[in-house]
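Asks: Here's a structure for you.
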Amino acid sequence: MTGNTSTQRMPSYLEYQGKYTGIRAWILSTDHKRIALLYLYSQLFFFLAGLVMGLFMKLELIAPGRQIMGPATYNALFTVHGLTMIFLFIIPGLAASFGNFMIPIMIGAKDVAFPKLNLFSWYLFVFGAVIVLLGIFTGDGPPDTGWTFYAPYSLKTNTNVVLTVFGAFVLGFSSILTGLNFIVTIHRMRAPGMGFFRMPLFIWSLYGTAWIQLLATPVVGITFLMVVADRVLHIGFFDPAQGGDPVLYQHLFWIYSHPAVYIMILPAMGAITEIITTFSHRTVFGYKAIAMSSLAIAFVGYLVWGHHMFTSGMSETARLVFSFLTFLVAIPSAIKVFNWTATMYKGSISLEPPFWWAMAFIFIFMIGGLTGLVLGSVSTDVHVHDTMFVVAHFHYIVFGGAGIAFFAALHYWYPKMFGKMYNKKVANRALLLLFIGFNVLYMPMFFLGFMGMPRRYYDYLPQFANLNLLSTIGSWILATALIIIIVNLLRAKKGTPEEMDDPWGGRTLEWKIQSPPSLENFEEIPVIDHEPYELIEK
Amino acid sequence: MKKPISWFTLPFVLIVLLFSTTNSMAGNAKDLEVGITEHLDQYIPSGIMLTDHNGKLVDLKQIITKPTVLCFVYYRCPGICSPLMNGLAEVMTSSGLALGKEYQAITISFDSRESTDLAAKKRNTYLKKIKGQDGAGWTFLTGDSVNIAKATQALGFGFKFVNNEFMHEGSLIMISPEGKITRYLKGISYQPFEFKLAVYEAAKGKSSPTMIKVLQFCYSYDRKSERYSLDITRLTATITLIFALSLLTYLLLRGRRKNSNSVNQ
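Going down the list, the protein sequences come from chains H and D. Under the working numbering, the residue at position 61 of the first sequence is numbered 74, and the numbers go up by one with no gaps. Under the working numbering, the residue at position 80 of the second sequence is numbered 124, and the numbers go up by one with no gaps.
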């Protein structure tokens, strides 16, 4: 197929004048690209909010004893930090923003299957977020249960659990509808010639993710409603005083929340695959293995929730089985990492910022993954359970994995989305700073946890002081790096169409169209006549 | 990745293994003096000798050859025994199960002073209430105090003699053909479906009709309310999976949209 570069350039989706003007041209637009940006901006807003809360927590932990807040404030802070980062930033994650932007373009369609539903999903997301925020700022104070809302405490605390949990319930609907939209889009809207095994691997990962969103999210929705029912109507599903079972809550919660980790990480892995392939200037190694490993992770991810509950009172058999299944997830994850390495092997690698971001992802994700095995095997988990070790592992996976991939994707697709290029030198240096800051912030937590420092306390014993100080310094480096990164992106400069349409030499469909794309993406629906990632002369 | 199938089977096998290892809850704390202490999964010992309505001495364990519904009453009882027996007779008719074929019923008087004649008389009264059913499948037993004590202790039925009357609770006790206690249905009136479920539960291992399998899937015994109740988790999971599978099937069958040129703004 031919590129659009030689043909007449259409007004981009950013310039297009529709029925509405001003803000209404955005919040009433059903264009998947504008909705993607609405998600992107809202997610980044919540990310920065969560970041500030994290900084305050680290500041409290800079030395033993009370520094800037008491225990109750700290409890509320880590709860709200978790809620914001998990439900408002990383669960919508790459799927809501980059998935929305890229799915139709990468499969050669003009929009998603249900554009209005897509906009509705964003409204649900904002509505849910507003309810969560109301829950934080009204009533008897923000929830202090941790983002997991474990019963029976979540049934007993006087803080504003009901509203927050209801907000999370609404957010779940947004997630389900987005998943449904993506599944139908991928099945029904592919361009002629684009078979399933010709789809870019980012699409495969989003496909796996969408099924998890569709199937797992209802479970947590019902669970949250049960918490509300317990609190408001005193039904007693989870309250042992009324014959309920708090462990049942943990089961139901983790049946969703473990697959949710894959909702976060799968699209991240997909984006990393795109980046590595593009900058290695090689066909991806093991296309089918990577595609299938996405589905395998999505599937096995359903069966491992029990590893969050090794110390909650489970039978030996159950612990053994859950532990074994957890180990199984390592296999498809490792398949991806090995295939990325093999893709780079003998490739003609160009060391552009997105590639460095991908490298940072692999390094940090590996540490996160391997420490996950420590938590996945029962005997070691019993030792480090509920310590800072878990916090470190979790942040290596969710922030170091999904979060870093989010910024990697942002740097990769930024020229496509905005037709602008950031300062690459600044981007590289800021990434290095972020990489250092990240490891200085979270690496000490592994040691602290191993030494026995429990998580979720505003205070600690004097022997943990040095490592905590180091960790707090790391948080400042990390925050500085993030500010530089965001300012650098905001100061990106417009480039010529030739520079911006395909700055990296990408081979997927989005690089064949103009940057930023026109309203309809393709003036003519492309016909795909080659294998994915095939090197073709332009 | 030529055979992803073999990857997926392993966790399945493990899951099946996981759910097939049942933890028996045979904690035998002190039995209630008056009331029911559930002796689930325990076996009726042999050697409990009782007299049937024909005056024949029988071993309780040996006459249990089918899934069995057993209840303790005393025939002169002015309290809950008659309502219980009426409830049982009613559910026998309405459940649609064939008495004598698919299950049998045993009623034991725990008043050692009651006679075979009285048992036979009472039996005739209740057989009239279950017209169309084979009355041979319902045995009425009496016995001496030693054997009654053996029976009530084995089944966890506690009663007390106060002011010339007995204090006791009402319950149907389901017993498997091998003599294992499988379920207690408390109260004096019973839903046909729960009666049916309990009978098939007692017959476990034997094939049950599809409708029962569906019921067994949708309802599970709730220890707290002591009733079979709708298993919401299972039901919603099934509905979700059916929805997902039909969506996938539809999408696979329909394939790609023919023209995808419409764009909304």
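All C-beta atoms in this analysis are idealised placements derived from N, C-alpha and C, irrespective of residue type, glycine included. Note that the coordinates shown come from a computational prediction; the quantities given were computed from them, not determined experimentally.
Please tell me whether H247 (chain H) has its Cβ less than 8 Å away from any Cβ of chain D.
Replies: Indexing the first sequence from 1 puts residue 247 (chain H) at position 234. False, the Cβ-Cβ gap to chain D never drops below 8 Å.
Asks: Hey, is the region 186-197 of chain H in contact with the region 129-140 of chain H, meaning 3+ C-beta pairs nearer than 8 Å?
Replies: With the cut-off at 8 Å, the region 186-197 of chain H and the region 129-140 of chain H touch.
Asks: Starting from L201 (chain H), find everything on chain D with Cβ-Cβ shorter than 9 Å and list it in chain order.
Replies: The residue given as residue 201 (chain H) occupies position 188 in the first sequence. A quick correction: the sequence has Arg, not Leu, at residue 201 (chain H). Result: L295, R298, G299, R300, R301, S304.
Asks: Listed in chain order, which residues of the region 221-248 of chain H have Cβ atoms closer than 7 Å to some Cβ of chain D?
Replies: Within the region 221-248 of chain H, the residues whose Cβ lies closer than 7 Å to some Cβ of chain D are L227, L228, P231, I235, listed in chain order.
Asks: Please determine if the region 491-509 of chain H and the region 89-108 of chain H are in contact, where contact requires at least 3 C-beta pairs separated by less than 8 Å.
Replies: As far as the Cβ criterion goes, the region 491-509 of chain H does not touch the region 89-108 of chain H, which means the pair count is below three.
Asks: Which residues of chain D have a Cβ atom closer than 7 Å to the Cβ of V540 (chain H), listed in chain order?
Replies: Taking the first residue of the first sequence as position 1, residue 540 (chain H) is located at position 527. Residues of chain D passing the Cβ test: none, with the nearest at roughly 13 Å.
Asks: Applying a beta-carbon distance threshold of less than 7 Å, which residues of chain H neighbour A288 (chain D)?
Replies: Counted from its first residue, the second sequence places residue 288 (chain D) at position 244. Those are L227, L228, listed as they occur along chain H.
Asks: Going along chain H in order, which residues have a C-beta closer than 9 Å to the C-beta of T280 (chain D)?
Replies: Translated into positions along the second sequence, residue 280 (chain D) becomes position 236. Residues of chain H passing the Cβ test: P231, V232, I235.
Asks: By the three-class DSSP mapping on this structure, what secondary structure does V102 (chain D) have?
Replies: In the second sequence, residue 102 (chain D) corresponds to position 58, counting from 1. Reduced to three states, the DSSP call for V102 (chain D) is strand.
Asks: Under 8 Å between the Cβ atoms of L94 (chain D) and N168 (chain D)?
Replies: The residue given as residue 94 (chain D) occupies position 50 in the second sequence. The residue given as residue 168 (chain D) occupies position 124 in the second sequence. Against a cut-off of 8 Å, the Cβ pair of N168 (chain D) and L94 (chain D) comes out as no contact.
Asks: If V274 (chain H) and V178 (chain H) are in contact, beta carbons under 8 Å, what's the gap, nearest whole angstrom?
Replies: Taking the first residue of the first sequence as 1, we reach residue 274 (chain H) at position 261. Taking the first residue of the first sequence as 1, we reach residue 178 (chain H) at position 165. Not a contact, Cβ separation roughly 20 Å.
Asks: Between which two residues does the beta strand (DSSP E) holding C115 (chain D) run?
Replies: To locate residue 115 (chain D), count along the second sequence from 1; it is residue 71. Counting along the chain, the beta strand (DSSP E) containing C115 (chain D) begins and ends at 112-117.
Asks: Is V1 (chain H) close to chain D, meaning its C-beta is less than 8 Å from at least one C-beta of that chain?
Replies: Nothing can be reported for residue 1 (chain H), as the shown portion of chain H is limited to 14 through 551.
Asks: Can you give me the start and stop residues for the alpha helix (DSSP H) that W39 (chain H) sits inside?
Replies: If you number the first sequence from 1, residue 39 (chain H) lands on position 26. Its alpha helix (DSSP H) spans residues 37-40.
Asks: The ligand ADP and K349 (chain H): does any heavy atom of the ligand fall closer than 7 Å to the residue's C-beta?
Replies: Only the bare structure without any ligand can be found here, which leaves the ligand ADP out of the picture.
Asks: Could you check the C-alpha separation between N88 (chain H) and G231 (chain D) for me, to the nearest Å?
Replies: Walking along the first sequence from the start, residue 88 (chain H) turns up at place 75. Walking along the second sequence from the start, residue 231 (chain D) turns up at place 187. Approximately 48 Å, taken between the alpha carbons.
Asks: Spell out the partners DSSP gives T186 (chain D) in its beta bridges.
Replies: In the second sequence, the residue the question calls residue 186 (chain D) occupies position 142. DSSP lists D:T95 as partners of T186 (chain D).
Asks: P428 (chain H) and S528 (chain H): beta carbons closer than 8 Å?
Replies: The residue given as residue 428 (chain H) occupies position 415 in the first sequence. The residue given as residue 528 (chain H) occupies position 515 in the first sequence. Cβ distance < 8 Å, so P428 (chain H) and S528 (chain H) count as in contact.
Asks: What in chain H is Cβ-close to T284 (chain D), meaning under 9 Å?
Replies: Along the second sequence, read from residue 1 onward, the residue named residue 284 (chain D) stands at position 240. Going along chain H in sequence order, the residues near T284 (chain D) (Cβ under 9 Å) are L227, L228, P231, V232.
Asks: Who does I316 (chain D) pair with in a DSSP beta bridge?
Replies: What is shown of chain D runs 45 to 309, which leaves residue 316 (chain D) out entirely.
Asks: What residues in its chain sit with their C-beta under 7 Å from that of T160 (chain D), if we drop five residues either side in the sequence?
Replies: Numbered from its first residue, the second sequence carries residue 160 (chain D) at position 116. Counting only Cβ-Cβ distances below 7 Å, and skipping sequence neighbours, we find T95, H97, G99, T186.
Asks: Taking the Cβ atom as the reference point for each residue, do G389 (chain H) and G414 (chain H) lie within a distance shorter than 8 Å?
Replies: Here residue 389 (chain H) refers to the residue found at position 376 when the first sequence is read from its first residue. Here residue 414 (chain H) refers to the residue found at position 401 when the first sequence is read from its first residue. Their beta carbons are not under 8 Å apart, which means G389 (chain H) does not touch G414 (chain H) by this criterion.
Asks: Return the first residue and the last residue of the alpha helix (DSSP H) that F557 (chain H) is part of.
Replies: With chain H represented from 14 up to 551, any question about residue 557 (chain H) goes unanswered, as that position is not in the structure.
Asks: Starting from Q56 (chain H), trace the alpha helix (DSSP H) in both directions and tell me its first and last residue.
Replies: Here the question's residue 56 (chain H) lines up with position 43 in the first sequence. 45-73 is the extent of the alpha helix (DSSP H) around Q56 (chain H).
Asks: I want to know whether the region 158-167 of chain H touches the region 249-256 of chain H - three or more CB-CB distances under 8 Å.
Replies: Result yes; three or more Cβ-Cβ pairs closer than 8 Å.
Asks: With DSSP collapsed to three states, give me the class of I196 (chain H).
Replies: Within the first sequence, numbered from 1, the residue matching residue 196 (chain H) stands at position 183. It is helical.
Asks: Buried or exposed for L364 (chain H), please, with buried defined as at least 16 other CB atoms from any protein chain shown within 10 angstroms of its CB.
Replies: Counting from 1 along the first sequence, the entry for residue 364 (chain H) is found at position 351. Exposed, because fewer than 16 other Cβ atoms sit within 10 Å of the Cβ of L364 (chain H).
Asks: For my contact list, R332 (chain H) and R300 (chain D) are in at a C-beta cut-off of 8 Å; report their separation, rounded to the angstrom.
Replies: As a working mapping, residue 332 (chain H) is identified with position 319 in the first sequence. As a working mapping, residue 300 (chain D) is identified with position 256 in the second sequence. Not confirmed; about 46 Å, so no contact.
Asks: Taking the DSSP output, what are the residues bridged to P259 (chain H)?
Replies: As a working note, residue 259 (chain H) is residue 246 in the first sequence. Paired residues: none, contrary to the question.
Asks: Cβ of M69 (chain D) less than 8 Å from any chain H Cβ?
Replies: Here residue 69 (chain D) is taken as the residue at index 25 of the second sequence, counted from 1. Bear in mind that a pLDDT of 36 at M69 (chain D), under 50, signals an unreliable position, so the model cannot answer this.
Asks: Would you decide whether D124 (chain H) is buried or exposed? Buried here means 16 or more other CB atoms lie within 10 Å of its CB.
Replies: As a first step, residue 124 (chain H) must be located in the first sequence, where it is residue number 111. Looking at its Cβ environment, which holds 16 or more other Cβ atoms inside 10 Å, D124 (chain H) is buried.
Asks: Need the endpoints of the alpha helix (DSSP H) that V243 (chain D) sits in, please.
Replies: Along the second sequence, one-based indexing puts residue 243 (chain D) at 199. Run containing V243 (chain D): 236-246, per the alpha helix (DSSP H) assignment.
Asks: Counting only the same chain and skipping the five closest in sequence on each side, list residues whose C-beta sits under 6 Å from that of K105 (chain D).
Replies: Walking along the second sequence from the start, residue 105 (chain D) turns up at place 61. Closer than 6 Å at Cβ, skipping near neighbours: I88, S90, G223.
Asks: With DSSP as the reference, label I120 (chain H) as helix, strand or coil.
Replies: Taking the first sequence and counting its residues from 1, one reaches residue 120 (chain H) at position 107. Coil at I120 (chain H), not helix or strand.
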